[in-house]
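The structure appears below as structure tokens.
In my numbering, the protein residues as written are 31 to 268.
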């Protein structure tokens, strides 16, 4: 009989990372190092340490505002022989204010230039909402105005990135069930994944099962739950 008091087995990040094969045919390491809310001056060293620890999947986004520092860290890692580009799986994201069809390739190129890379392993539509374009260096946030670009048009522009070879796989993030259905029934290139918040307090079985039925990988963020959930549970039991 197993005992919960026994020490858990060591998780060796230096070993080859478990990976999923996406519907694009490319392999994606299961565990990613996230860079959301990483402070300037800290995110570069953190990425270097993550690579040294064995992380091979890095989750990035233009709106996080730290692509240039991460790009410098990646260059250092390549120059010092820590890893080769082909050893890493890099995920990037298209921000809401860059949904216009003519802006999508420019936004992707802008992020790649910041990161000093030639391609993304995975590029996601960050949220299923289009805002008016405010400039590649000034992604909008508070007080944004809605744009008029349909989501499927943005997706078709994303498909063009695959055809150009600057993105190996494309997907979406924060897409609910009905929008996933709209996308999968219209897309020429099927989304490789849907990055969503999911955890014990927010299990989303209908969305999860739909994505799995369509061979769309589920890429979880906040899978240990956000602080507010732990606070609620603590208060309910105190």
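Just so you know, even glycine gets a beta-carbon here, dropped at the ideal spot from N, CA and C.
As assigned by DSSP and simplified to three states, the class of residue i
i: residue 112; result: coil
i: residue 235; result: helix
i: residue 173; result: strand
i: residue 245; result: coil
i: residue 137; result: helix
i: residue 54; result: coil
i: residue 127; result: helix
i: residue 190; result: helix
i: residue 211; result: helix
i: residue 61; result: coil
i: residue 151; result: strand
i: residue 224; result: strand
i: residue 182; result: helix
i: residue 205; result: coil
Option nearest residue i by Cα separation, candidates the options
i: residue 89; options: 171, 235, 225, 47; result: 225
i: residue 84; options: 61, 196, 121, 188; result: 61
i: residue 46; options: 150, 108, 86; result: 86
i: residue 91; options: 218, 188, 116, 124; result: 124
i: residue 215; options: 234, 243, 235; result: 243
i: residue 179; options: 126, 234, 68; result: 126
i: residue 78; options: 118, 201, 104; result: 104
i: residue 68; options: 245, 195, 137, 97; result: 97
i: residue 289; options: 185, 142, 50; result: Nothing about residue 289 can be read from this structure; the chain reaches only from 31 to 268.
i: residue 118; options: 49, 200, 176; result: 49
i: residue 202; options: 129, 193, 115, 116; result: 129
C-alpha gap between residue i and residue j, whole angstroms
i: residue 112; j: residue 174; result: 41 Å
i: residue 75; j: residue 66; result: 15 Å
i: residue 241; j: residue 212; result: 12 Å
i: residue 219; j: residue 149; result: 18 Å
i: residue 72; j: residue 144; result: 17 Å
i: residue 100; j: residue 198; result: 20 Å
i: residue 172; j: residue 109; result: 39 Å
i: residue 162; j: residue 183; result: 15 Å
i: residue 238; j: residue 55; result: 21 Å
i: residue 102; j: residue 58; result: 23 Å
i: residue 210; j: residue 247; result: 12 Å
i: residue 221; j: residue 107; result: 30 Å
i: residue 156; j: residue 228; result: 16 Å
Assumed close pair residue i, residue j - CB separation to whole angstroms, cut-off 8 Å
i: residue 120; j: residue 167; result: That belief does not hold up - the Cβ atoms of residue 120 and residue 167 are roughly 21 Å apart, past 8 Å.
i: residue 3; j: residue 94; result: With the chain covering only 31 through 268, there is no way to say anything about residue 3.
i: residue 158; j: residue 191; result: Going by Cβ atoms, the distance from residue 158 to residue 191 rounds to 18 Å, so no, they are not a contact pair.
i: residue 134; j: residue 187; result: 4 Å
i: residue 236; j: residue 207; result: 6 Å
C-beta neighbour in chain B for residue i, strict 9 Å
i: residue 114; result: The structure shown contains no chain B; it holds only a single protein chain.
Worksheet item: Where are the beta strand (DSSP E) runs, 3 residues long or more, that stay fully inside the stretch 69–106, in chain order?
Response: 87–89
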